[in-house]
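> Quick mapping for you: the protein sequence lines, in order, are chains W, U, S and R.
Anchor point for the first sequence: position 219 equals 213 in my numbering, and the numbering is continuous, going up by one each time.
Anchor point for the second sequence: position 198 equals 192 in my numbering, and the numbering is continuous, going up by one each time.
The number in my numbering is simply the position in the third sequence, starting from 1, with 9 added.
The number in my numbering is simply the position in the fourth sequence, starting from 1, with 9 added.
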Amino acid sequence: MMNETTEVSLKVDLPGLPMKNPIMPASGCFAFGQEYADFYDLNQLGAIAIKAATREPRFGNPTPRVAETRAGMLNAIGLQNPGVDHIMAHELRWLERYETPILANIAGSTIEDYLYVAEKLSQDARVGALELNISCPNVKEGGIAFGTVPDVAASLTEKVKAVSEKPVYVKLSPNIADIVTMAKAVEQAGADGLSMINTLLGMRMDIKTMKPILANKMGGLSGPAIKPVAIRMIYQVSQAVSIPIIGMGGIQSVDDCLEFLMAGASAVAIGTANFVDPFICPKIIADLPQRLEALKLSTIEDLVGRSWKTCVTV
Amino acid sequence: MMNETTEVSLKVDLPGLPMKNPIMPASGCFAFGQEYADFYDLNQLGAIAIKAATREPRFGNPTPRVAETRAGMLNAIGLQNPGVDHIMAHELRWLERYETPILANIAGSTIEDYLYVAEKLSQDARVGALELNISCPNVKEGGIAFGTVPDVAASLTEKVKAVSEKPVYVKLSPNIADIVTMAKAVEQAGADGLSMINTLLGMRMDIKTMKPILANKMGGLSGPAIKPVAIRMIYQVSQAVSIPIIGMGGIQSVDDCLEFLMAGASAVAIGTANFVDPFICPKIIADLPQRLEALKLSTIEDLVGRSWKTCVTV
Amino acid sequence: MKQVEKMTIIKHRCIAENIYELTLQGELVQSIEEPGQFVHLRVDNGYETLIRRPISLANVNKKAKECTLIYRVEGEGTTRLSLKCVGDRVDVLGPLGHGFPLAAASSGGRALLVGGGVGVPPLYYLSKALKQRGIQVTHVLGFASSAVAFYEEEFRALGPTYLASVDGSIGSQGFVTDVIRKENLAADVIYACGPTPMLKALEVSCPDQPLYLSLEERMACGIGACMACVCHTQTDPEGSSYKKICKDGPVFKAGEVVLG
Amino acid sequence: MKQVEKMTIIKHRCIAENIYELTLQGELVQSIEEPGQFVHLRVDNGYETLIRRPISLANVNKKAKECTLIYRVEGEGTTRLSLKCVGDRVDVLGPLGHGFPLAAASSGGRALLVGGGVGVPPLYYLSKALKQRGIQVTHVLGFASSAVAFYEEEFRALGPTYLASVDGSIGSQGFVTDVIRKENLAADVIYACGPTPMLKALEVSCPDQPLYLSLEERMACGIGACMACVCHTQTDPEGSSYKKICKDGPVFKAGEVVLG
Ligand SMILES: Cc1cc2nc3c(=O)[nH]c(=O)nc-3n(C[C@H](O)[C@H](O)[C@H](O)COP(=O)(O)OP(=O)(O)OC[C@H]3O[C@@H](n4cnc5c(N)ncnc54)[C@H](O)[C@@H]3O)c2cc1C
Ligand SMILES: Cc1cc2nc3c(=O)[nH]c(=O)nc-3n(C[C@H](O)[C@H](O)[C@H](O)COP(=O)(O)OP(=O)(O)OC[C@H]3O[C@@H](n4cnc5c(N)ncnc54)[C@H](O)[C@@H]3O)c2cc1C
Ligand SMILES: Cc1cc2nc3c(=O)[nH]c(=O)nc-3n(C[C@H](O)[C@H](O)[C@H](O)COP(=O)(O)O)c2cc1C
Ligand SMILES: Cc1cc2nc3c(=O)[nH]c(=O)nc-3n(C[C@H](O)[C@H](O)[C@H](O)COP(=O)(O)O)c2cc1C
Ligand code: FES
Ligand code: FES
């Protein structure tokens, strides 16, 4: 039993990311923070996962790039970003005013691109850790292969680890039959943590035109619809690996967040919900202490993996 | 342009299933029809996919077996059924009073089980075609392997085809990275049609107990949440194979049904929605003619694959 | 005949902490056969609460075409339900299942009705129906505390009523089985509805009288088609025989099925 | 400052076939800077319509803290919105984007406002604002048919107003560009909002005057964070430079961005 007078602590210490709470916005759903800084102080966040950086600037896919689905949305942004150099010169520069640790999401079409971006960003003092996006379904040049073949993912992870001066999180794709084998492969290859899940590959038709709504035809499904898949994968993987997991996929409330922690995530990221409610991250952070207290727990760590850990007396 | 006086025809002719309309209840969501016969005349249906039959009677998983999710539900029924002999002696017997063609879903833990059930059911005059469930995520003895490894699925399909006197539809699992390779493999192995998709493997935690809600822990996600994944897979597969597809996954309205046909399905099955509204199948059947007319189409065939077919003048 | 109907809310009020009494009006009421049956509610057309919620019939007035449900706010569905107002309509599938066999008690006989928490509501409709048939009814109702207790007066109007509560804040402190033992309550037949541990305790402590138990399980279809709500039979506890709580139950004779 | 507010519906009515006029009241109105800005509505808390819907400001009354939106019922979100009643609250994010530059027209000058369909609404607020600054306004409004036409009288009260309709059922038969050509309408500046083909036609047919176009794209965040709504710039039409319609627009000077 928790001592009545103990203060609840939201702190989570992840490789490269000393977080004051377990909440961060998910990559691609928060750009580089500037838009949300109009709504609240970004120092409230546990960390910030910034939009994927690629070697060269990318325009991404043609529009329409988003479509709504039941309890979810599809996106086919196509990794639009100004390129790693611009990000370091401008976006990271702007973020300097905050103390919040930064998780820098990186993507590429070739291994060389990944290594180039990883090396550069990992040398940047403002970056706490790298998040290797091996799973973006919208990059056609081969991105998908990284995310679905364990050997390929492991080899990429190994190479990125070799050039990176910062911890490396690998962001896993859910579009796969056996997530555990994939997770173990990248752990073995040296990953310091996992981010899961990225979007499920989906599609919608326009009933009037009888054509796909998205110009790219297919897109990544995010939002509440995918939460059960995310919870299942985190539950499976967290029991099979010993590196921490940043959980994501459909979180919209503090209770959703608790489910992810119970499943085995050590921290969570919030994506689509930012579009619905720009204040969602600080709201969930504010709701956490009383929910922890109601469960008679005093730290986030107490909650991690509770659904499968043989019961410990707290 | 459609001739103003042409009557809209809903007929769909699939191997073994001469359907008067493209709507059937999905396997496992309609038992053997008796419960829904209390609500409407089952002769209205295009076909009926009956609950999976196994060699021996099965009790299935412990309860709770269902949990609700955002725009979806999880189930871990575990293929409960009274066994193939009982089904033939009682359930199919009862169904004789209807003319509606029957798609008999079959499952098993071993290849021998599958073949036993397939041979028996295919010899039954009341069965129009078989639906090979290679993808049920709730059968632990190895069912999942059939559904995720193309070679294994193909070899099972080939063997079932060899013993079956009726057309065989293979029901594909969405828990896979490359659905097209799987579909082509079973087509090559002789499948007469495909059913897709089965449920996505998912999970939910009970916030109060901090444990999974389902006794089986994981379950299959169905309902509107998975529709974008189903549409995407049908879109991909229908362009790669030449056998017909029975589409399913989250259909709740006539417009959902149209989306599946446009994506490339030749007919559709309705699962979870039956639980929400017992009248959903006849409602959608009734709604179809005017929606076809609004699209200036006169047959279901005109709609199939419209999202990718190079435009034909109708 | 079970049917689907958008019934109209004609009364809706909070009767204890998180406990609501909801009265619905519609044609469906005419089809209700016996106490212990339930309805399956679609809380709204949204996708938050995709599947229906099973709630027992707590009272039925066929002349007025009204039925009353009493429910506890548990999760999202019942929370949303509690926000509905008089005049709103609720999509109802029902009546469903097989209820308490009234004929198990003969006129002039004595029936003991044992309820716990939100297992209490169907006993009210049952008690009224039994009394109408000339059966003497005694009630033992267990609640967590006085804050969540309800319908004490209503039950007293029908027959002797004993209360028990976990914290002793209402009635005697303890479980319903403690009350039965202490008060030495005997009857020709016992009807019970409540949490599984309570039902199990009754099965053990009242082996001599005919005992009917109303069970609960998470449901999807509510009509027997999805196999969500099955339980093993006591004659074949490990085997493949089963009963569906929604269709064969929710009321079973003690000894018929294995309690979860 | 953009903000999130649950605004109260104080007026809501159907003004043409499937076209609704919605007046909202709240503090957010104080932050509105210029015509052409829009708000991003959360239709309800449900998961049917997970993401917000962008709707232009059609009128603003800062003193009364009111703003008016005019929208067409298109799909699920606007259908649900149309069912809301006076007194209901709507979750609004706004004001968003950069609107029409009023300063592009100088006092005493002439402005031509060209709208099509549900591109017409923001022009009403714009026209009022221009008129207030002493600018002469002329309107050319295109609709599919008379059934879906709206606000003709309101526009006429502000300045000369020409209508065009696809089927000729209201105004002259044809497109807005036909009207401009036929009536030889000249102005110091043109402001336009409507379907992309209309905007493209204007770009081609009115190359000499300063022309401001309000664009549309499917949006998610509405504030510039998700990259859903970008368009290429005309100086780098194939390259990586871009503008966000929600944040840099929705109004752009003709020639600035590539029309989709
Ligand atoms: C035959 C039957 C009769 C019932 N009668 C009553 C009654 O008269 N009064 C009353 O207060 N409650 C009754 N219940 C329990 C009631 O159905 C649940 O409390 C309710 O469904 C919870 O829904 P929710 O949306 O609030 O909770 P959520 O947790 O949001 O529900 C999620 C899902 O779980 C199911 N669920 C959650 N808890 C239960 C439960 N205890 N039993 C069954 N399903 C559950 C829901 O139906 C839903 O499908 C009855 C249950 C059954 C099976
Ligand atoms: C800046 C801006 C201002 C707008 N102003 C108005 C206005 O004043 N009046 C008006 O009637 N309409 C306006 N629209 C269009 C309006 O946003 C869409 O008609 C509306 O979002 C359709 O939503 P729905 O739920 O009815 O349709 P659904 O088809 O259910 O919408 C599904 C999704 O697609 C999006 N979507 C569908 N059609 C459009 C579209 N044409 N443009 C952008 N997104 C779309 C929706 O926002 C939603 O995310 C504006 C759009 C933009 C971008
Ligand atoms: C518009 C959008 C853009 C995204 N961009 C990226 C990205 O650049 N890199 C990445 O790793 N994930 C990206 N994602 C995936 C999210 O980070 C997250 O994994 C996913 O959306 C699931 O979380 P959610 O359901 O909370 O949105 C993007 C998601 C969305 C919706
Ligand atoms: C309760 C339940 C039981 C099911 N049982 C079976 C089954 O026995 N065999 C099978 O092939 N699919 C089974 N399915 C999967 C459905 O047939 C269907 O593929 C899936 O639910 C997606 O469709 P839906 O979203 O319309 O429900 C079951 C689904 C549910 C919800
Ligand atoms: S709830 Fe479907 S069988 Fe009982
Ligand atoms: S809608 Fe998100 S960037 Fe414009």
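Cβ atoms here follow ideal geometry from the backbone N, Cα and C, with glycine treated the same way.
The structure displayed is predicted, hence computed values, not measured ones.
Between the region 75 to 106 of chain S and chain R, which residues of the former have CB atoms less than 9 Å from a CB of the latter, in chain order?
none
> Listing by chain order, which chain W residues have their CB less than 8 Å from the CB of residue 44 of chain U?
Those within 8 Å of residue 44 of chain U in chain W number zero; the least Cβ separation is about 27 Å.
> Tell me which residues of the region 46 to 60 of chain S have at least one Cβ-Cβ distance to chain R shorter than 9 Å, keeping chain order.
53, 54, 55, 56, 57
> Which residues of chain R have a Cβ atom closer than 7 Å to the Cβ of residue 52 of chain W, listed in chain order?
249
> What are the boundary residues of the alpha helix (DSSP H) that residue 119 of chain R is part of?
Run containing residue 119 of chain R: none in the alpha helix (DSSP H); it sits in the beta strand (DSSP E), 119 to 125.
> Indicate, with yes or no, if ligand 6 has a heavy atom lying under 8 Å from the CB of residue 267 of chain R.
no
> When you compare each of R:70, R:44, R:91 to residue 24 of chain R by their alpha carbons, which one comes out closest?
R:91
> So does residue 238 of chain S have its beta carbon nearer than 8 Å to some heavy atom of ligand 1?
yes
> Determine the contact status of residue 77 of chain S and residue 31 of chain S, defining contact as a CB-CB distance below 9 Å.
yes
> Could you check whether the Cβ of residue 197 of chain U sits closer than 8 Å to any heavy atom belonging to ligand 1?
Incorrect: residue 197 of chain U has no Cβ contact closer than 8 Å to ligand 1.
> Please tell me whether residue 211 of chain S and residue 224 of chain S are closer than 9 Å, where the distance is taken between their beta carbons.
Contact: no.
> By alpha-carbon positions, which one of S:62, S:71, S:249, S:75 ends up nearest to residue 81 of chain S?
S:62
> Roughly how many whole angstroms lie between the Cα atoms of residue 40 of chain R and residue 234 of chain R?
21 Å
> Could you spell out where the alpha helix (DSSP H) holding residue 175 of chain W opens and where it closes?
For residue 175 of chain W, the enclosing alpha helix (DSSP H) has its first and last residue at 173 to 182.
> So what does residue 76 of chain R bridge to, in DSSP terms?
DSSP, once it has assigned bridges, lists R:33, R:69 as partnering residue 76 of chain R.
> Inspect the CB distances between the region 166 to 184 of chain W and the region 14 to 34 of chain W and report whether three or more fall short of 8 Å.
no
> Kindly indicate the opening and closing residues of the beta strand (DSSP E) around residue 93 of chain S.
Here residue 93 of chain S belongs to no beta strand (DSSP E), and DSSP marks it neither H nor E.
> Classify residue 272 of chain W as helix, strand or coil using the three-state DSSP reduction.
coil
> Please report the straight-line C-alpha distance between residue 229 of chain R and residue 60 of chain R, rounded to a whole angstrom.
6 Å
> Flag this pair as yes or no: are the beta carbons of residue 204 of chain W and residue 247 of chain U separated by less than 9 Å?
Contact flag unset, no.
> Indicate whether the contact test is met: 3 or more Cβ pairs, each with one atom in the region 84 to 91 of chain U and one in the region 82 to 97 of chain W, closer than 8 Å.
no
> In the DSSP assignment, find the unbroken beta strand (DSSP E) run with residue 112 of chain U in it and report its ends.
Run containing residue 112 of chain U: none in the beta strand (DSSP E); it sits in the alpha helix (DSSP H), 105 to 116.
> Apart from the five residues on each side of it in sequence, which residues of its chain come closer than 8 Å, Cβ to Cβ, to residue 165 of chain W?
Cβ within range, chain order: 21, 99, 125, 126, 127, 128, 129, 188, 189, 190, 192.
> According to a CB-to-CB cut-off of less than 9 Å, which residues of the region 229 to 242 of chain R neighbour chain W?
229, 230, 231, 232, 233, 234, 235, 236, 237, 238, 239, 240, 241
> Which of the residues in the region 207 to 224 of chain W, read from start to end, lie with their CB under 7 Å from any CB of chain U?
212, 215, 218, 219, 221, 222, 223
> Going by DSSP, which residues form a beta bridge with residue 98 of chain R?
R:17
> For a contact defined as C-beta to C-beta under 7 Å, what are the partners of residue 276 of chain U on chain S?
Chain S residues near residue 276 of chain U: none, gap ~12 Å exceeds 7 Å.
> With a threshold of 8 Å (Cβ to nearest heavy atom), would residue 86 of chain R be considered close to ligand 2?
Flag set: Cβ of residue 86 of chain R near ligand 2.
> Looking at the unbroken beta strand (DSSP E) that takes in residue 38 of chain W, where does it start and where does it end?
Here residue 38 of chain W belongs to no beta strand (DSSP E), and DSSP marks it neither H nor E.
> Hey, how far is the Cα of residue 217 of chain U from the Cα of residue 61 of chain U?
12 Å
> If contact is defined by three or more beta carbon pairs under 8 Å, each pair taking one atom from either stretch, is the region 145 to 160 of chain W in contact with the region 50 to 66 of chain W?
no
> Roughly how many angstroms separate the alpha carbons of residue 254 of chain U and residue 147 of chain U, rounded to a whole number?
24 Å
> Inspect the beta-carbon positions of residue 150 of chain S and residue 171 of chain S and report whether they are closer than 9 Å.
yes
> Check whether the Cβ of residue 154 of chain R lies closer than 8 Å to any heavy atom of ligand 4, and answer yes or no.
no
> Label residue 117 of chain U either buried or exposed according to how many other C-beta atoms from any shown protein chain fall within 10 Å of its C-beta, with 16 as the threshold for buried.
Flag for residue 117 of chain U reads exposed.
> If contact means a Cβ-Cβ distance below 9 Å, which residues of the region 57 to 68 of chain W contact chain R?
57, 58, 59, 60, 61, 62, 63, 64, 65, 66, 67
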